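Following: one structure in structure tokens, then a few remarks.
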Amino acid sequence: MTRKTNAPSSSCTPFWTRTDPTHVALTYSHVPEQDRKAGAMTPGLENTIVDHDAYRRNVAHLHELGVVLPKISELADPVGQLSSKMHMVADVDPDVADPRNLFRVHWHNSRDRKTLSAVPEHLVLGEDLTGVKARIVIALGNRFPMINCHKVLAAYGCLIPRLISGVFDAPRHRAVWPSTGNYCRGGVAIANLLGCRSVAVLPEGMSQERFDWLNSWLADPNDIYRTPGTESNVKEIYDACHDLARSSENLILNQFAEYGNYIIHRSVTGPAMERIFRHLDQSKNLKARAFIAATGSAGTIAAGDHLKASLGTQIGVIEALECPTLLYNGYGEHNIQGIGDKHVPLIHNVMNADFVIGVSDRASDGLNLVFNTAAGRKFLSNCRGIGQHSISDLGDLGLSSLANVIGAIKYAKYMDLGPDDVVMTVATDGADLYRTELGIAEREYHVDGLDTARAAEIFGRAILGAATDNMIEMNRRDRERVFNLGYYTWVEQQGITLADFDRRREQAFWDGLLDLGPVWDGMIEAFNRESEG
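Plus 3 on top of the position in the sequence shown (first one is 1) and you've got the working numbering.
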């Protein structure tokens, strides 16, 4: 067998950048060494117009639709920068394909998802629920428009740089969204607002609610590309994208490799989390200890890089214990839907991580039952003394959100945190996306039905019994091991050059990516002027 070499070659162009030959962006390896910094062009990081003909078509297309694009800085500070524009979207249903909903793709939507909230909506879980003294603070992703999930933000960060540089030709291309469920929904939503056609690529075993939503937003059911397997079968998703990339009308927007995903979360989600903490820290005696989140595509975890720089937090990476890729170079299947597995995303800043924390999907499946069934809620009320309003709020937590909470509890126990310590995380989506999973879990684990005694058992095992096993406090050697694991996906399988892979070891590379935020904002401003003219 011949091993693939690391030398740059046109045959190794990553599949997610392939388009018609007249519309190919420069790859990073083609840029002189002195220009290899943020601002030089690499796929997904274009800082200038690549294809002027496609750019002009995009301007005309969005002009016809009346679309105005929000800047990244506006999404990062909507209260400060978008308040004056909110009257333009006040009468817009947050769940319809109206381009004005682009101005709601941020963390500051109120519970009604129509108005601005001064502080991002969040939950603070106390000791009565978590069993630990530290405060577990969760930003709520189900306040985002159209999909009730923050993945619309990731999709915007991936597509817009391609649109304003002419790499994506809106009237001609189909945007292909490889995903384990939520990102493809976010991509379809954003593309619909821009009048573009999409292809959703996701495993056939994901929750039925995801497919129901896609069927309601995609005109052609053939634009749903079902791949074999479930949550852990990311390689099968990539294989499907290789097939789709053979057509020049398809542009693959791979969230696991699009640096725009990293940039927009570090620029938008990071400050939103910091704003929540500073709101809670009115007395100035709280300590932000960590940002804990499942890797997924490694976009959201980029918020941890912002928080580490601004608040001195640590970063904890959660993965399913049934597929312990980062913990043990392991493999398997799991049901913590939305976090992906069996590989290390290209945009994961592994060398800045402090912990890897394993969480069992049996725990998240079980808590979904406790938090969202009559028997489970009766237990929480009668035996834990939790009020009805707080119990209702638990419906804001989907499966990956529950895993994040369990991971935060494990971190708090490991670090022996006290009442003035804060552990931050996110709820990517809410429980309404997993209604069918309730019945599946009950049939699998509690065939005779769920009662309060069984709810108590689940709660005791998943939360009160959450232990500090299957955790790694990472040193340099641990980080190197996880970083090196990504080589087999990105260099050997997906055609990234070794030089481009290795430069990701240095924090200067990741910090330098933020220089593109103002560049893209300037390009958005120029694009809007032309499309409105």
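Even glycine gets a Cβ: it sits at the ideal position worked out from N, Cα and C. Here the structure is a predicted model, which means the values were calculated and not measured.
Helix, strand or coil at residue i according to DSSP, with G and I counted as helix
| i | result |
| --- | --- |
| Ile394 | helix |
| Met427 | strand |
| Trp110 | coil |
| Phe358 | strand |
| Asn257 | coil |
| Gly369 | helix |
| Phe147 | coil |
| Pro97 | coil |
| Gln497 | coil |
| Ser235 | coil |
| Val82 | helix |
| Arg116 | coil |
| Gly3 | Residue numbering for the chain in the displayed model covers 4 to 536; residue 3 lies beyond these limits and cannot be assessed. |
| Met477 | coil |
| His153 | coil |
| Leu519 | helix |
| Ala529 | helix |
| Ser92 | Strictly speaking, residue 92 in this sequence is Val, with Ser absent from that position. Coil. |
| His125 | strand |
| Ala142 | strand |
| Glu49 | coil |
| Glu509 | coil |
Cut-off 6 angstroms between Cβ atoms - residues of its own chain near residue i, not counting five sequence neighbours on either side
| i | result |
| --- | --- |
| Pro206 | Thr230, Gly232, Thr233, Asn236 |
| Ser168 | Glu49, Ile52, Val53 |
| Ala465 | Ala366, Gly369, Leu370 |
| Pro327 | Gly333, Gly361 |
Distance cut-off 7 angstroms: residue i Cβ against heavy atoms of the ligand SAM
| i | result |
| --- | --- |
| Ala157 | As far as ligands go, the structure on display features none, and thus does not contain the ligand SAM. |
Pair within 8 angstroms by beta-carbon distance, residue i and residue j
| i | j | result |
| --- | --- | --- |
| Tyr265 | Ile350 | yes |
| Phe294 | Ile318 | yes |
| Ser210 | Tyr437 | yes |
| Trp180 | Leu256 | yes |
| Ile342 | Gly299 | yes |
| Gly401 | Ile360 | no |
| Ala406 | Ser367 | yes |
| Ala430 | Asp399 | yes |
| Val140 | Met427 | yes |
| Val347 | Val485 | yes |
| Glu322 | Asp344 | yes |
| Ala142 | Met276 | yes |
| Leu420 | Arg508 | no |
| Ser201 | Ala178 | yes |
| Ser84 | Tyr241 | Note on residue identity: the sequence assigns Gln, not Ser, to residue 84. No. Outside cutoff. |
| Ala469 | Lys381 | no |
| Leu289 | Val135 | no |
| Val62 | Phe530 | yes |
| Val271 | His125 | no |
| Ala305 | Arg269 | yes |
Own chain residues within Cβ distance below 7 angstroms of residue i, not counting five before or after
| i | result |
| --- | --- |
| Asp131 | Arg387, Gly388, Ile389 |
| Tyr186 | Lys154, Ala157, Ala158, Trp180, Gln258, Ser300 |
Q. Is the number of C-beta pairs between the stretch 176-195 and the stretch 207-227 that are closer than 8 angstroms three or more?
A. yes
Q | Stretch pair the stretch 452-464 + the stretch 117-128: three plus CB contacts closer than 8 angstroms | A | no
Q) Which runs of the beta strand (DSSP E) fall wholly inside the stretch 170-254 and span at least 3 residues, in chain order? A) Secondary structure within the stretch 170-254: the beta strand (DSSP E) runs of 3 or more consecutive residues, fully enclosed, are 177-181, 200-206, 227-230 (chain order).
Q.
Report the start-end ranges of each alpha helix (DSSP H) in the stretch 316-351 that is 4 residues or longer and not cut off at the edges.
A. DSSP runs (the alpha helix (DSSP H)) wholly in the stretch 316-351: 328-331.
Q.
Pairs of beta-carbons, one from the stretch 469-489 and one from the stretch 382-394, closer than 8 angstroms: are there three or more?
A. no
Q: Note down, one range per segment and in chain order, each alpha helix (DSSP H) of at least 4 residues found wholly within the stretch 264-304.
A: 273-283
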